[in-house]
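Sequential numbering of the sequence shown, starting at -9, is according to the working numbering. Built from N, CA and C at the ideal position, the CB exists for glycine as well. Note that this is a predicted model, so its numbers are computed, not measured. Working notes, beginning with the structure itself.
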Amino acid sequence: EIRLKKQQEESRRKELELTRKCEEEVAQRKRISAARAELEIKHFEEKQSTKRMLSDRASEELKQRAMRECEIFERDVRLRNQKAKEKAEAARKKLEQERIAIDESRR
-9 EIRLKKQQEE SRRKELELTR KCEEEVAQRK RISAARAELE IKHFEEKQST KRMLSDRASE
51 ELKQRAMREC EIFERDVRLR NQKAKEKAEA ARKKLEQERI AIDESRR
């Protein structure tokens, strides 16, 4: 009877030890899973941040390119207008000289 009690106690002790080990293992797996999930979230957020930064930079580069193209276009229009103005002025001066020459030849 004493031997049977000792065996039962030993069996119960082993079962409790096994249960405690299993619970510790489950708790450790939960901590590892939580840490892994946290790392995955952090990695995802970093990836999104990088994508946003690259997208913002690409948008900024496109905006600057468009502004440069507009400035070049405006400069070209100004130059064309200035050349047209100078040509018209030269034609007017030439016409004026021709009138002066005709007037002088009539005298």
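Check, Outcome
"To the nearest angstrom, how far is the alpha carbon of Leu52 from that of Glu59?", "10 angstroms"
"Would you tell me roughly how many angstroms separate the C-alpha atoms of Arg42 and Phe34, rounded to the nearest one?", "12 angstroms"
"Leaving out five residues on either side along the sequence, give the residues of the same chain with a beta carbon under 7 angstroms from the beta carbon of Lys20.", "none"
"Considering only residues of the same chain and omitting the five flanking positions on each side of Gln18, which have a CB-CB separation below 8 angstroms?", "none"
"Could you check what DSSP says for Glu(-9) in three-state terms: helix, strand or coil?", "coil"
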